[in-house]
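In this note's numbering, the protein residues as written are 5 to 121.
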């Protein structure tokens, strides 16, 4: 994921759900950074790894990682469903077919980013 996209998603998510914002505990010790929580969650989703495997990288407990995963999925669905996660309309479908044709793959819509053949 490009850094600018990661930062945009992180900003959107932190503005929507305060769970992802870094806070101090009762002893004034800073908690986890938003970057830690999002990196752990995105790694789990992208690579199919367990919360235990992510613990070594993000230094997060299993229960915290799993809660971050659930909240992340809920927030992403809420924030991006209308614009990015909806079913393609006939207009979207036509645009994808035109892109495929321009790249000399007429009728190909199985790989939107044209990286998987």
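For glycine and all other residues, C-beta sits at the position ideal for the given N, C-alpha and C.
Taking all protein chains in view, the Cβ of residue 97 is surrounded by fewer than 16 other Cβ atoms within 10 Å, so the residue is classified as exposed.
Runs of the beta strand (DSSP E) spanning 3 or more residues and lying entirely within the region 53 to 102 do not occur at all. Segment contact: the region 20 to 30 against the region 48 to 67, fewer than three CB-CB distances shorter than 8 Å; contact not assigned. The three-state secondary structure of residue 36, taken from DSSP, is coil.
As the crow flies, the alpha-carbon of residue 101 is around 15 Å from that of residue 91.
By alpha-carbon distance to residue 14, the top candidate from 108, 89 and 83 is 83.
If you draw a straight line from the Cα of residue 57 to the Cα of residue 79, it is about 23 Å long. Shown here for residue 17: same chain residues with a beta carbon closer than 6 Å to its own, the five before and five after excluded, namely 24 and 79 in chain order.
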